[in-house]
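Peer 1: So for the sequence shown, full-length UniProt numbering puts the first residue at 1; every next one is plus one. Even for Gly, the Cβ is constructed at its ideal location relative to N, Cα and C. These numbers were taken from a predicted model, which means no experiment stands behind them. Shown below is the structure under consideration.
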Amino acid sequence: MKVFINKIIPEIGFKLLEEAGIEFTVWKEKPILDRGQAIQFCKGHDAFLSVGQAGLDADFFKECNHLKVVALHSVGFDGVDIKAATANGIPIGNTPNVLNKATAETALLLMLTVARRALFLHKKIKKGQWGASQPTQDLGFDLAGKTLGIVGLGRIGTELAKICSQSWGMKILYHNRGVNAQAEQELGAKLVSMDELLAKSDVVSVHTALTPETKGMFGMEQFKKMKSSAIFINTARGGVHKEDELIEALKKQVIWGAGLDVTNPEPMSKDNPLLEMDNAVVFPHIGSATKETRDKMSTCAVENIIAGLNGDPLPYPVNP
Ligand code: DGY
């Protein structure tokens, strides 16, 4: 049994494969494999451990219908044609839960960085502009006691709600498909309409999956409904916000600031206006990028590979 792995994963993943007696080929070169090359590699292997979701479309699953399992090194699977995988009898696995805390921490880091204008002030020092400051200068705003509006109160959103309500005494509003009874009971979270969430929140943080319903969910219309003092945070998927309209909203100070860990497309071009704006902060999709979390993701992905190759149900399945 042989697995193809399209990027270098944490060492623990390779170790687990060795212990299970599974051979693997790893693509270690800098240029990312194109779709055709990935298909060629997959044809010579029984399973595919994929870092990233590019190219996992209906044609791929048809061409590679011999694969016993495709294990994603991510929780998200919005780029994968799950229906086609299922139709070709290929189980798909992901890495749920293990990245909740790291991603929530990333959202928090963006919230704090934007609220305290940390990146802008850092750049100011670099430009030699740290002069005699006035008490009225360089002010941000407190998060403590403010209202956090969470769009998509699932596993990651709930983790952020916990930190913010328990450590900062923030009030939690949320907009979701259903009620999150536990968050309501334990954190006092309140389910509200999208309009109420936008109108009342000091920070709006997006934690929904990218689906046809959430694609482009945040544009000028939504930014105009937010407080002009509010911050928009997206650590979910770049496709959930309309970038042009966000740029315009920030330029016209329709909202106070934005923090993004996800963009559309990724990677973001170095000429993107958001990178020059004083009220925007962009990270290169590092939500799960901690040593501990990536080790756990690698472990989950390999556990899915081992189960799939043994013909067992995947521990972390995605197919319905
Ligand atoms: C995930 O796991 O889905 C992260 O966003 C990385 O893609």
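Could you tell me which whole beta strand (DSSP E) segments of length 3 or greater appear in the stretch 187–234?
Peer 2: 203–206, 231–234
Peer 1: Given this structure, state the Cα-to-Cα distance separating K200 from E248, to the nearest angstrom.
Peer 2: 22 Å
Peer 1: Could you give the uninterrupted runs of the alpha helix (DSSP H) lying entirely in the stretch 14–78, keeping only those of 4 residues or more?
Peer 2: 35–43, 58–63
Peer 1: Leaving out the 5 sequence neighbours to the left and right, which residues in its chain are closer than 7 Å to V51 when beta-carbon positions are compared?
Peer 2: N6, K7, I9, H73
Peer 1: By the three-class DSSP mapping on this structure, what secondary structure does V284 have?
Peer 2: The amino acid at residue 284 is misidentified as Val; the sequence shows Pro. In this structure, DSSP gives P284 a state outside helix and strand, which the three-state scheme calls coil.
Peer 1: What does a CB cutoff of less than 6 Å around F283 pick up in its chain, not counting 5 residues either side in sequence?
Peer 2: D261
Peer 1: Which first and last residues belong to the alpha helix (DSSP H) in which I306 is found?
Peer 2: 291–309
Peer 1: Does the distance from the C-beta atom of V254 to that of K227 stay below 7 Å?
Peer 2: no
Peer 1: By a C-beta neighbour count over all protein chains shown, 10 Å radius and 16 as the cutoff for buried, is T103 buried or exposed?
Peer 2: Buried.
Peer 1: Can you say whether P212 is buried or exposed, counting buried as having 16 or more other CB atoms within 10 angstroms of its CB?
Peer 2: The residue is exposed, with fewer than 16 neighbouring Cβ atoms inside 10 Å.
Peer 1: I need the straight-line Cα distance from V151 to K190, nearest angstrom please.
Peer 2: 12 Å
Peer 1: Under the criterion of a Cβ to heavy atom distance below 6 Å, does G157 qualify as lining the ligand DGY?
Peer 2: In this structure, G157 has its beta carbon at no less than 6 Å from each heavy atom of the ligand DGY.
Peer 1: Does F4 come out as helix, strand or coil in the three-state DSSP assignment?
Peer 2: strand
Peer 1: Report yes or no: do the stretch 114–126 and the stretch 164–183 share at least 3 C-beta pairs separated by less than 8 Å?
Peer 2: Too few Cβ pairs lie closer than 8 Å, so no.
Peer 1: Decide yes or no for the touch test of the stretch 75–87 against the stretch 54–64: beta carbon pairs closer than 8 Å, at least 3 of them.
Peer 2: yes
Peer 1: Measuring only the C-alpha atoms, how far is E221 from R177?
Peer 2: 21 Å
Peer 1: Check whether the Cβ of S298 lies closer than 6 Å to any heavy atom of the ligand DGY, and answer yes or no.
Peer 2: no
Peer 1: Does the ligand DGY have a heavy atom nearer than 6 Å to the CB of V206?
Peer 2: no
Peer 1: Express the C-alpha separation of T208 and L67 in angstroms, rounding to a whole number.
Peer 2: 30 Å
Peer 1: For the stretch 265–274 and the stretch 289–300, state whether three or more C-beta atom pairs, one from each stretch, are separated by less than 8 Å.
Peer 2: no
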